[in-house]
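J.: What follows is a single structure, and I will ask about it in a moment.
Numbering (UniProt numbering), first residue to last: 1 to 102.
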């Protein structure tokens with residue numbers, strides 16, 4: 001079960017980042033087919049490489065396994081941006097969000 005989730009999650013996050021499996025493999029210091037093998041269920045990453053994968057996507061392991069969040073890197077970036085706003089700006093953004101949810 002987790003093997004399938006892991007492979008599908010990596011594929012989804014990689015597609016959102018618009019990077020090839022080959023480029024991602026090389027970026028995390030692995031051979032060019034490494035991510036492809038994980039996504040096809042032929043292998044699993046070690047814990048150390050899993051942490052590299054999370055770093056590559058700029059997310060924590062917890063965010064990786066959060067099934068309710070489809071784009072954890074974007075959510076993290078938005079939260080970081082929100083923390084720089086003053087009270088009035090933050091309130092305005094909150095009102096916009098509430099309007100979009102209707």
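C-beta atoms are modelled at their ideal positions from N, C-alpha and C, and glycine is treated no differently.
1. Please name the residue, chosen from 57, 47 and 23, that lies closest to residue 10 on a Cα-to-Cα basis.
2. Counting only the same chain and skipping the five closest in sequence on each side, list residues whose C-beta sits under 8 Å from that of residue 38.
3. With a 10 Å radius around its C-beta and 16 neighbouring C-beta atoms as the bar for buried, classify residue 90 as buried or exposed.
4. Are there 16 or more other CB atoms within 10 angstroms of the CB of residue 61, so buried, or fewer, so exposed?
5. Is the segment 47-56 touching the segment 24-37 in the sense that three or more CB pairs, one from each, lie closer than 8 Å?
6. Nearest CA to the CA of residue 71: which residue from 36, 4 and 18?
T.: With the given structure in hand:
1. In the chain shown, the residue the question calls residue 10 occupies position 10. Residue 10 has its Cα closest to that of 57, out of 57, 47 and 23.
2. Position 38 of the chain shown, counting from 1, holds the residue named residue 38. Excluding sequence neighbours, residue 38 sits near 6, 7, 10, 44 and 45.
3. Locating residue 90 in the chain shown gives position 90, where the first residue counts as 1. Counting the other CB atoms within 10 Å of its CB gives residue 90 a total below 16, which places it among the exposed residues.
4. The count along the chain shown starts at 1 and reaches residue 61 at position 61. Burial state of residue 61 is exposed, judged by a 10 Å Cβ sphere holding fewer than 16 other Cβ atoms.
5. Contact between the segment 24-37 and the segment 47-56 is established, with three or more Cβ pairs separated by less than 8 Å.
6. The residue you call residue 71 lines up with position 71 of the chain shown. Here the closest residue by C-alpha is 18.
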